[in-house]
Amino acid sequence: MAGIGHNSGRVIEPGHTWRKHVWTKARKKLMPTLPVEVIRMRVRRAAELGLPYKTYAGIRASSGDDLIGFMFSNNALRVLRAGQAMAADRKRKLDQLIGAQRIALAHAPAMVKHLQALPQIDRAFRAPQFTDSWSSVRDQFRAMTADAKTPASRLVLVGDTAFEREWVETGKMAGYVPADVYFAQAVV
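Residue 15 in our numbering sits at position 17 of the sequence shown, and the numbers go up by one each step.
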């Protein structure tokens, strides 16, 4: 059964082809044409951040700013408790980041001090709890980004749960990338 907003098939009304043509043309006019050198610089920057260009370009277009860092939940880093070492693939990926802040968010029982001590992490903070109100979560992210001297709109959250995905909107961050996607991809 089709869900809300799904028309269960093709539109067969008269004028469909014309409307499609007009909308396609209008969308093309809205898209800016960038010089080749700008595209090359952005492809290079996407590689420095460990993101595919399509993901980087989408986040950059929606936020309006270049990305300067990542927030990783301890779930995304697979560091689930104090004293646990980070997996080799995650270490390697974080070591390859160029010109990007690496901020970790610690859910209990992982400890902020443990994450902060990892050489791949620049800063660490306590992650908002499930029981925190949305205004409290917002205020926590404001405090984190102020402490890190980084605008939230220039950070991408790499998370592992639906709860963490919701932080992007609350914290006014640039975007969200699931951990399995971010750490699994090979960027060329």
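Using N, Cα and C, we set each Cβ at its ideal position, and we do this for glycine too.
Quick one: any contact between the stretch 51 to 67 and the stretch 93 to 108, if contact means 3 or more CB pairs under 8 Å? At 8 Å Cβ cutoff, the stretches touch.
Do you know how far the Cα of Arg140 is from the Cα of Lys147? Rounded to the nearest angstrom, the two C-alpha atoms are 10 Å apart.
Quick one: residues in its chain with C-beta nearer than 7 Å to the C-beta of Leu155, no 5 flanking neighbours on either side, listed in chain order? So the qualifying residues of the chain are Met69, Glu162, Trp165, Val166, Met171 and Tyr174.
Classify Leu32: buried if its beta carbon has 16 or more other beta carbons within 10 angstroms, exposed otherwise. By the 10 Å Cβ count, Leu32 comes out exposed.
Taking only the alpha-carbon atoms, compute the straight-line gap between Leu28 and Ala106 and give it to the nearest angstrom. Note on geometry: alpha-carbon atoms of Leu28 and Ala106 lie some 46 Å from one another.
Between which residues of its own chain and Val186 is the CB-CB distance below 8 Å, once the five residues before and five after are set aside? Note that Val186 scores a pLDDT of 48, beneath 50, so its modelled location is shaky and nothing firm can be said.
How is Val154 classed by DSSP in three states: helix, strand or coil? The three-state reading of DSSP puts Val154 in strand, counting E and B together.
Could you pull the start and end residues of the alpha helix (DSSP H) that Val175 belongs to? Val175 -> not in any alpha helix (DSSP H); beta strand (DSSP E) instead, spanning Gly173 to Pro176.
Three-way DSSP call (helix, strand, coil) for Arg124 in this model: Three-state DSSP puts Arg124 in a strand.
Pull up the CB-CB distance for Val135 and Thr168, whole angstroms please, since I reckon it's below 8 Å. The C-beta distance from Val135 to Thr168 rounds to 5 Å, short enough to meet the 8 Å contact threshold.
Quick one: give me the first and last residue of the alpha helix (DSSP H) that Gln138 is part of. Boundaries of the alpha helix (DSSP H) around Gln138: Trp132 to Asp145.
Once the 5 residues before and after Met142 are set aside, which same chain residues still bring their CB inside 6 Å of it? Phe123, listed in sequence order.
Secondary structure, alpha helix (DSSP H): runs of 4+ residues fully inside the stretch 55 to 131: For secondary structure counted as the alpha helix (DSSP H) over 4 or more consecutive residues, the stretch 55 to 131 holds these complete runs in sequence order: 72 to 75, 86 to 93 and 110 to 115.
Put Val186 into one of helix, strand or coil per three-state DSSP. In this predicted model, Val186 has a pLDDT of only 48, less than 50, meaning its place in the structure is not dependable enough to derive any value.
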